[in-house]
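Student:
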Amino acid sequence: MTDNSVQQNDSALFWELESLPKVLPAIDNAERNNFDKLFASTGITRHAKLFAQKTVEDADKVSDYFVMNTLNDYFMHIQKFTAVIKRFISAMPAAYQHKIGRAPNIQLRVLNAASSWKVAALNDELDNLQMNAKNMTVEKMIPFVYMIYKPLLQMLFLGESTFNEILEKTFTEIHDKTNANLTQLHGTIEEAKLEWNYIIRAVSTGIYPLLMRICSSYCVGMQEFLDTNITRLLAFLKLTKEDIILPGEFKPVDFSTPDLTQPAKLSAYAETVKQANMSINSGLTLLDAMFPEAGWLNLEEMPDMFPYYQPLFGFTEGFNVLSKENPLQVAVILMRIIEDLLSGCHTIDFLATNSSCPVQMKAEEIERTLSDWYLSRMNVFEKEYAASLLDYVNRIYSQNDYKTSPYAIKTLSSIMWLQKSEFFPHLKFDLSYISNETAYGSMPVFKKVSRLAHYFDWLSDNINESIKVNSGSQGGFVAGIENPWKKFSFTIENISSSRLTSILEANSPLGTTNASLVKAISEVFSVLDWWMNNPKSYAYESELHLPYRSDEATGEPIFSVPERKDVFNLLSRSKPKR
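If you count by our numbering, then the sequence shown holds residues 1459 to 2036, one letter each, in order.
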């Protein structure tokens, strides 16, 4: 699997994780004691007294040693196992590789499952857990346990010997069809076998108590748990019985026959992610049309957008000190533009989604999510991030010795960790001090962005499908929207809405309808989702050394730069384009 294909699955994985249970099953005191004893014996917890009365806060607590060390070992072995499996696959003939995941041969199913661990996502989730290791609970580990055990359960019933035998037979099957060095390739097989043995013996048994606590109200031995809870396990891991690989006959792969099973059809959103550049480029083109010369078509150069947008939006203090290298500058502007456009959604009658939809949204959740969108900017950015950064910059400007003080280092580090935990999950920066993090809401901003991007993308696809079914004309039914073809209305016109309206009036075949507004919001959300959540976006091109403006020669902070005087005239001078 290439890096690109991993990236294509990121959003799909996010929605898998979002649909996981958020709380643990209720258990009685007797089972609580049984779980306490099991957790302590396996090193998951470190209770001084196993049966001591615990507070609610202590319930299902996980030790920081388990999070920092044991989970790290588990991850490193899974990472190595996945790497050697993919190395083995890469040495196979292309026709053989093409059959993996498509034909029913046991070796092809094993290779597909063994290479399916989302190592990058696991690494990110482990980083998040370790940042909060001293306050870890089983509930917070639900996504990590899910990502660990989903591929593992598919192969678990093969055990050590059967799995290793399948690898050896696969090597024999392809060894005369590859140009790879056979000695080195067999060494790769031996590495995979060693790592699998560790995964079976240590990871499967070490994680199963957590899996059992997530899926069951009863504490039993591992084999009994697997025997009696397989239905619950499959439901939690989003697997079917057919996904479980059981020992069976090894049949050579027949290159002359077509695939017997076709790969699952991608959801509408996954298809969009697969063609992400098209969606992102549409969003950037729209932004450039709405705000000509702002720099949307050359984001790779990290243009300074403060001079352009400050006269338009009048951001509060704190935004002014963001350096142009800080990706938050672009993110906050996009959030503000989306905020403007969402204000036109008050006359759109959104319909609740049903169980067959790729995104689950109740009508009241849609209304609340859209009306509360501005809080992500005001509460998290302005009140927490910008206020702290501005205070920090003021102090280093007025106090010569403040910048090198332990308190200043801790403060700046906390600001950077807030930026990573709320806005940019893949952010890299050069501060080593890690402070305890505070949760600023039930869902980080970058996840809210991904959720809404997914939702509006689904609506946009439905609009496109409706037009296609209706012979290229508007007027047909659109899933998710009751009144798509009604003219949109903004109670109070704003900067973004007036610019969008002028562009749609000039160019859009859908005119100024609710459908046009939804599609525009979808395009801007796709840019913000890419900017925040895609580790290959320009936001992550380089390490962020300082989040604030500073003089290159002296290192002293710069509080602002001159604003542009022509931004209100640029739109009229520029031909609208899409």
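Glycine is no exception: its CB is placed at the ideal position from the N, C-alpha and C atoms.
#1: Within 10 Å of its beta-carbon, does TYR1604 have 16 or more other beta-carbons around it, so buried, or fewer, so exposed?
#2: In the DSSP assignment, find the unbroken alpha helix (DSSP H) run with GLN1612 in it and report its ends.
#3: For PRO1769, name the three-state secondary structure that DSSP assigns.
#4: Any beta-carbon of chain D closer than 8 Å to the one on ASN1570?
#5: Can you round the beta-carbon distance between PRO1479 and SER1674 to whole angstroms, since I take them to be within the 8 Å contact cut?
#6: Quick check on this structure: which residue in ASN1563, PHE1946, ILE1502 and TYR1832 has the alpha carbon closest to the alpha carbon of PRO1710?
#7: Hey, how far is the Cα of ALA1660 from the Cα of LEU1652?
#8: Give me the Cα-Cα distance between ASN1920 and ALA1973, rounded to the nearest whole angstrom.
#9: With distances taken between CB atoms, is the gap from GLY1664 to THR1528 smaller than 8 Å?
#10: Whose C-alpha, out of ARG1835, ASP1582 and ASN1928, is nearest the C-alpha of PHE1533?
#11: Kindly indicate which three-state DSSP category THR1869 falls into: helix, strand or coil?
#12: In its own chain, which residues sit with a C-beta less than 8 Å from the C-beta of VAL1790, not counting the 5 before and 5 after it?
#13: Work out the CA separation of ASP1634 and HIS1884 for me, nearest whole Å.
#14: For ILE1657 and LEU1610, which I take to be in contact (beta-carbon distance under 8 Å), what is that distance rounded to the nearest angstrom?
#15: Indicate whether the contact test is met: 3 or more Cβ pairs, each with one atom in the stretch 1972-1992 and one in the stretch 1736-1749, closer than 8 Å.
#16: Report the option in ALA1572, ALA1578, PHE1629 and VAL1678 whose CA atom is closest to the CA atom of ASN1491.
#17: Contact defined as beta carbons within less than 8 Å: I believe SER1801 pairs with PHE1948. What is the distance between those atoms, to the nearest angstrom?
#18: Rounded to whole angstroms, what is the Cα-Cα separation between VAL1525 and ARG1504?
#19: Who are the near neighbours of ASP1746 in its chain, counting only those whose CB is closer than 6 Å to its CB and skipping five residues on each side?
#20: ALA1911 to THR1970, Cα distance in whole Å?
#21: For PRO2020, I'd like the list of residues in its chain whose CB is within less than 8 Å of its CB, leaving aside the five on either flank, ordered along the chain.
#22: Out of ILE1688, ASN1784, HIS1644 and ILE1536, which has the shortest C-alpha to C-alpha gap to TRP1989?
#23: For LEU1471, which of helix, strand or coil comes out of DSSP?
#24: Taking ALA1552 as the reference, which of ALA1488, VAL1596 and ASN1637 has the closest Cα?
#25: Between LEU1695 and the rest of its own chain, which residues show a CB-CB distance below 8 Å, the 5 nearest in sequence each way excluded?
#26: Just checking my contact of LEU1876 with GLU1842 at CB under 8 Å: how many whole Å lie between their CB atoms?
#27: Which ranges would you report for the beta strand (DSSP E) in the stretch 1519-1605 if only whole runs of at least 3 residues count?
#28: Between the alpha carbons of GLU1823 and ASN1812, how many angstroms are there, rounded?
#29: Using DSSP with H/G/I as helix, E/B as strand and the rest coil, what is LEU1780?
#30: Taking just the CA atoms, how far does MET1589 sit from SER2000?
#31: If you drop the 5 nearest sequence neighbours on each side, which residues of the same chain put their C-beta closer than 6 Å to that of PRO1942?
#32: Taking 7 Å as the limit between beta carbons, can you name the residues of its chain near PRO1721, skipping five residues before and five after?
Tutor: Checking against the coordinates, here is how it stands:
#1: Burial call: buried.
#2: 1600-1614
#3: helix
#4: Reference to chain D is not applicable here, since this structure consists of a single protein chain.
#5: Their Cβ separation, rounded to whole angstroms, is 12 Å, which puts PRO1479 and SER1674 out of contact at 8 Å.
#6: ASN1563
#7: 12 Å
#8: The straight-line gap from Cα to Cα measures roughly 10 Å.
#9: yes
#10: ASP1582
#11: helix
#12: PHE1773, PHE1777, LEU1780, ARG1835 and PHE1839
#13: 42 Å
#14: 7 Å
#15: yes
#16: For the residues ALA1572, ALA1578, PHE1629 and VAL1678, the minimum Cα distance to ASN1491 belongs to VAL1678.
#17: 6 Å
#18: 12 Å
#19: TRP1754 and LEU1755
#20: Distance between the alpha carbons of ALA1911 and THR1970 is about 21 Å.
#21: Same-chain partners within the cutoff: PRO1765.
#22: ASN1784
#23: helix
#24: ASN1637
#25: TYR1604, TYR1607, LYS1608 and LEU1611.
#26: 6 Å
#27: The stretch 1519-1605 contains no whole beta strand (DSSP E) run of 3 or more residues.
#28: If you draw a straight line from the Cα of GLU1823 to the Cα of ASN1812, it is about 13 Å long.
#29: strand
#30: 22 Å
#31: VAL1936, ASN1972 and ALA1973
#32: Any reading at PRO1721 must be qualified, since the residue scores a pLDDT of 43, below 50, and its modelled position is unreliable; no value is offered.
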